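Engineer: Handing you this structure, nothing more for now.
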Amino acid sequence: MQYLSKKAASLTPYVAGLQPQEPGWVKLNTNENPYPPSPRVAEVLARADAARLRLYPDSDSTLLCNVLADRLNVPAENVFVGNGSDEVLGFAFGAFFGGKHGVMMPDISYGFYPVWAALFDVGVDVRPLSADFTINPDAYKDAAGVVIANPNAPTGVALTLAEIERIVQQNPGGVVLVDEAYLDFSDLECAVSLVPQYDNLLVVRTFSKSHSLAGLRVGYAVGHADLIDGLQRMKHSFNSYPLDMLAQLGAAASMADADYWEETRRRIIATRERTAEALRTLGYTVLPSQANFLFVRASDAKGLYEHLLAHKVLVRYWDKPRIRDFLRVTIGTDEEMEAFLQCVKQF
């Protein structure tokens, strides 16, 4: 590795969940949606003009930004679209936190946050979760910036909109980044409603989860026009064409089918609650989840993980302080969750 820069050599990359290629797995490890995307997505992709693939896509994703702006009731100038919410989050770290110290985030949260912090030389001020794994809004004051996933990952525990607003108000000198990748699996109000009131709030969302489009890689951010300009600066310093033509068309079609989105998210919420109750009946502790996964405490979490793995049931396990007694279990179809529960009973 003699040719690596000091920066590259110093990085500890994010480790994504396993993606087995052979059939037969019950895959509950990467929070993918178990249901296909809206039928409108297939229809619009089938009608797409393949000849246009010789051209670069619309750099500004104008069609999709307009659809999002209309759905979220914000001006299009307040919307930014990128290649998955991971890219949008990475741009945000570089644009608003790069080189700064005192950027606050929870000690247990999305594992990519520390990677971006290291990449962009961000000095992180870690705020421990409470004993019940909740985020204490009072712990986030006068920061150079704040990064919070709501609901949090991997716990699934969420803050209310009022609590999010308190954090925004308590940090007028820095951007408060709220990552809402999983909020659609709750009945909580989206923080986008606060954007017109606060120029330091950036809300990042994704099509990967509730819209079943993880394979298209589409994410977006909503914030004050000045924040969107910061993301544009990062984009055009990296890749002016982050979102391909088909991804833009597919995401726009998905966003337009609100009825299908509502139906599938309701099915997932119902399955989540049934699975949580079944696990509690078996004696497991399950945190209250507002996401499309459960965080499950087990007396032998690693042993249970290995047992499930041996039976081709994939969940997520981290051998890290505070969470090594937990498994994160994505909510699949009712049939997949029954297979998971049967395997747990065998253990």
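The letter at position 25 of the sequence shown is residue 40 when you use the numbering used here, and the numbering goes up by one with no holes.
Even glycine gets a Cβ: it sits at the ideal position worked out from N, Cα and C.
Computed from a predicted structure; not experimentally measured.
Can you tell me whether V359 is buried or exposed? The criterion is at least 16 other CB atoms within 10 Å of its CB, across all chains shown.
Structural biologist: Against the sequence shown, residue 359 aligns to sequence position 344. V359 comes out buried.
Engineer: Within the continuous beta strand (DSSP E) that includes L192, where are the two ends?
Structural biologist: Counting from one through the sequence shown, the residue named residue 192 turns up at place 177. Unbroken beta strand (DSSP E) run through L192: 190-194.
Engineer: Hey, how far is the Cα of S304 from the Cα of Q17?
Structural biologist: Numbered from its first residue, the sequence shown carries residue 304 at position 289. Numbered from its first residue, the sequence shown carries residue 17 at position 2. C-alpha separation (whole angstroms): 45 angstroms.
Engineer: Would you check if the region 191-199 and the region 150-162 touch, i.e. whether three or more CB-CB distances between them fall below 8 angstroms?
Structural biologist: Yes, since at least three Cβ pairs between the region 150-162 and the region 191-199 fall closer than 8 angstroms, the two stretches touch.
Engineer: Beta-carbon within less than 7 angstroms of R337's beta-carbon, same chain only, minus the 5 sequence neighbours each way: which residues are those?
Structural biologist: Taking the first residue of the sequence shown as position 1, residue 337 is located at position 322. Contacts found: I123.
Engineer: Alpha carbon to alpha carbon, how far is P129 from L26? Give it in angstroms, no decimals.
Structural biologist: Here residue 26 is taken as the residue at index 11 of the sequence shown, counted from 1. Here residue 129 is taken as the residue at index 114 of the sequence shown, counted from 1. Their Cα atoms are separated by approximately 10 angstroms.
Engineer: Measure the C-alpha to C-alpha separation of S223 and F108 and round it to an integer number of angstroms.
Structural biologist: Taking the sequence shown and counting its residues from 1, one reaches residue 223 at position 208. Taking the sequence shown and counting its residues from 1, one reaches residue 108 at position 93. Distance between the alpha carbons of S223 and F108 is about 20 angstroms.
Engineer: Please name the residue, chosen from Y320, V330, H322, K317, that lies closest to N307 on a Cα-to-Cα basis.
Structural biologist: One-based indexing of the sequence shown puts residue 307 at position 292. Cα-wise, what sits closest to N307 is V330.
Engineer: What does the Cβ neighbour count give for E351, buried or exposed, with the cut at 16 atoms within 10 Å?
Structural biologist: Stepping through the sequence shown from its first residue, residue 351 is reached at position 336. Counting Cβ neighbours within 10 Å, E351 comes out buried, since at least 16 surround it.
Engineer: Between the Cα of D340 and the Cα atoms of T348, V301, Y125, which residue gives the shortest distance?
Structural biologist: As a first step, residue 340 is located in the sequence shown; it is residue number 325 there, counting from the start. Checking every option, the nearest Cα to that of D340 belongs to V301.
Engineer: Comparing C-alpha positions only, which one of L87, S20, Y155, V30 sits nearest to D334?
Structural biologist: Your numbering for residue 334 matches position 319 in the sequence shown. Answer by Cα proximity: V30.
Engineer: DSSP puts F308 in a beta bridge; with which residues?
Structural biologist: Along the sequence shown, one-based indexing puts residue 308 at 293. F308 is bridged to T345.
Engineer: Which class does E164 belong to by DSSP, given the choice of helix, strand or coil?
Structural biologist: As a position in the sequence shown, residue 164 is number 149, starting the count at 1. Looking at the sequence provided, one finds Ala at residue 164 rather than Glu. Residue state, collapsed to three classes: strand.
Engineer: Taking only three categories from DSSP, how would you classify P121?
Structural biologist: Taking the first residue of the sequence shown as 1, we reach residue 121 at position 106. Note: P121 maps to strand in three-state DSSP.
Engineer: Since R280 and S100 should fall inside the 8 angstroms C-beta cutoff, what is the C-beta to C-beta distance between them, to a whole number of angstroms?
Structural biologist: Within the sequence shown, the letter at position 265 stands for residue 280. Within the sequence shown, the letter at position 85 stands for residue 100. With 8 angstroms as the limit, R280 and S100 do not qualify as a contact, their Cβ atoms being about 17 angstroms apart.
Engineer: Could you give the DSSP three-state label for K335: helix, strand or coil?
Structural biologist: Residue 335 sits at position 320 when you count from the first residue of the sequence shown. Of the three classes helix, strand and coil, the one that applies to K335 here is coil, per DSSP.
Engineer: Using DSSP with H/G/I as helix, E/B as strand and the rest coil, what is H226?
Structural biologist: What you label residue 226 is simply residue 211 of the sequence shown in a count that begins at 1. Three-state DSSP puts H226 in coil, outside helix and strand.
Engineer: If we require 4 or more residues per run, which alpha helix (DSSP H) segments fall completely within the region 18-73?
Structural biologist: With a minimum length of 4 residues, the continuous alpha helix (DSSP H) runs that stay inside the region 18-73 are 21-25, 54-62.
Engineer: Strictly by DSSP, which residues pair up with T300?
Structural biologist: As a position in the sequence shown, residue 300 is number 285, starting the count at 1. DSSP, once it has assigned bridges, lists R312 as partnering T300.
Engineer: For V89 and P166, what's the separation of their Cα atoms in angstroms?
Structural biologist: For the purposes of this step, residue 89 is taken as the residue at position 74 of the sequence shown. For the purposes of this step, residue 166 is taken as the residue at position 151 of the sequence shown. Those two C-alpha atoms are separated by around 23 angstroms.
Engineer: For V141, does the count of other Cβ atoms within 10 angstroms reach 16, so buried, or fall short, so exposed?
Structural biologist: In the sequence shown, counting from the first residue as 1, residue 141 sits at position 126. The residue in question, V141, is exposed, as its Cβ has fewer than 16 Cβ neighbours within 10 Å.
Engineer: Whole angstroms is fine: what's the gap from L134's alpha carbon to G114's?
Structural biologist: Within the sequence shown, the letter at position 119 stands for residue 134. Within the sequence shown, the letter at position 99 stands for residue 114. Distance between the alpha carbons of L134 and G114: 10 angstroms.
Engineer: Measuring only the C-alpha atoms, how far is Y50 from V82?
Structural biologist: On the sequence shown, position 35 is the one that residue 50 refers to. On the sequence shown, position 67 is the one that residue 82 refers to. When rounded, the distance between both Cα atoms is 23 angstroms.
Engineer: Among V137, L231, R55, R295, which residue has its Cα nearest to the Cα of D274?
Structural biologist: For the purposes of this step, residue 274 is taken as the residue at position 259 of the sequence shown. Selected option, being the one with the closest Cα: R55.
Engineer: Please work out which residues of its chain come closer than 7 angstroms, Cβ to Cβ, to T149, disregarding the five sequence neighbours upstream and downstream, and give them in chain order.
Structural biologist: Indexing the sequence shown from 1 puts residue 149 at position 134. The answer, listed in chain order, is V172.
Engineer: May I have the straight-line CA-CA distance separating V139 from E180, to the nearest angstrom?
Structural biologist: Within the sequence shown, residue 139 is the residue found at index 124, counting from 1. Within the sequence shown, residue 180 is the residue found at index 165, counting from 1. The straight-line gap from Cα to Cα measures roughly 21 angstroms.
Engineer: Any idea what DSSP makes of A159, helix, strand or coil?
Structural biologist: As a position in the sequence shown, residue 159 is number 144, starting the count at 1. Coil at A159, not helix or strand.
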